[in-house]
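Trainee: I have a structure here, written as structure tokens, and I will follow up with some questions on it.
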Amino acid sequence: MISDIQEILVDEKAIEKRVSELGSQISGDYQGKNPILVCVLKGSSVFFADLIRKMPIPIEIEFLKASSYGSRAQSSGKIELRGDLSMEVKGRHILLVEDIVDTGNTLKYLLERFENLGAEEVKVCSLLDKPHRREQRVIADYIGFKIPNEFVVGYGLDFAQKYRNLPYIGILKKEIYE
Ligand code: 5GP
Ligand code: MG
Ligand code: MG
1 MISDIQEILV DEKAIEKRVS ELGSQISGDY QGKNPILVCV LKGSSVFFAD LIRKMPIPIE
61 IEFLKASSYG SRAQSSGKIE LRGDLSMEVK GRHILLVEDI VDTGNTLKYL LERFENLGAE
121 EVKVCSLLDK PHRREQRVIA DYIGFKIPNE FVVGYGLDFA QKYRNLPYIG ILKKEIYE
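Under the UniProt record's numbering, the sequence shown has 70 at position 70, and the numbering climbs by one with no breaks.
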């Protein structure tokens, strides 16, 4: 599997350190707010599981599925949302946990969706930020790492459903997806 990876961009140690920092920062900011952390599946699953264990405050968790990619390495710009939207969002502090913000289409869609549901506040924590291809004016409130304009996999992120189990974030060789 490692032979499909051109370069490790963020290794296990660096991820662990940054996730701990984010957990502390977010916990401080959400003290006494009992936020709902929303895991945007599948990409943020690994990050989410690590992040919530670095948050020693009362929180609730929910899971949603958002897809925009299909099995290609280009965003279709069309967001498909599935999962439990029955959670009571009204008056709550929502923290959306994302794997990566690329064009920003997914994030814009989710933000609008939760604001329309009457949340008191909607913020976003994204493991990765890839600002080069942004189409929407959105920015995550908490960002793990800013990365260059490369297609990355690992630590939850996939290509055609593979590589999510890699413990690091790596640049996928172009010949794999081109
Ligand atoms: P956006 O809507 O911001 O363009 O893209 C959001 C989604 O596109 C992410 O949640 C992720 O599923 C996918 N995506 C964007 N860039 C990458 C990337 O470099 N690697 C992987 N694996 N997925 C990406
Ligand atoms: Mg995502
Ligand atoms: Mg994907």
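The C-beta atom is built at its ideal place from N, Cα and C for all residues, glycine as well. Values in this document were obtained by computation on a predicted structure and should not be read as measured data.
So, for GLU121: in the same chain, excluding its five sequence neighbours on each side, which residues have a beta-carbon less than 6 angstroms away from its beta-carbon?
Mentor: Excluding sequence neighbours, GLU121 sits near HIS93.
Trainee: Using 8 angstroms as the threshold, is the C-beta distance between SER44 and GLY156 below it?
Mentor: Yes, they are a contact pair.
Trainee: So if I measure from each beta-carbon to every heavy atom of ligand 2 and keep distances below 7 angstroms, which residues remain?
Mentor: So the residues near ligand 2 by this Cβ test are VAL40, GLY43, SER44, ALA66, GLU98, ASP99, ILE100 and THR106.
Trainee: Using alpha carbons as the reference points, say which of GLU12, GLY104 and LEU172 lies closest to LYS78.
Mentor: Among GLU12, GLY104 and LEU172, the Cα nearest to that of LYS78 belongs to GLY104.
Trainee: For VAL89, which three-state DSSP category applies?
Mentor: It is coil, neither helix nor strand.
Trainee: Expressed to the nearest angstrom, what Euclidean distance is found between the alpha-carbon atoms of ARG164 and ILE8?
Mentor: Whole-angstrom Cα-Cα distance: 14 angstroms.
Trainee: Using the Cα positions of ARG53 and ILE26, report the straight-line distance between them to the nearest angstrom.
Mentor: Answer to the nearest angstrom: the Cα atoms are 12 angstroms apart.
Trainee: Look up ARG18 in the DSSP assignment and give the residues it is bridged to.
Mentor: The partner list for ARG18 (beta bridge, DSSP) is empty, contrary to what the question assumes.
Trainee: With C-beta atoms as the reference, is ILE176 less than 8 angstroms away from PHE159?
Mentor: Contact flag set, yes.
Trainee: By DSSP, does TYR109 sit in helix, in strand, or in coil?
Mentor: If DSSP states are grouped into helix, strand and coil, TYR109 belongs with the helices.
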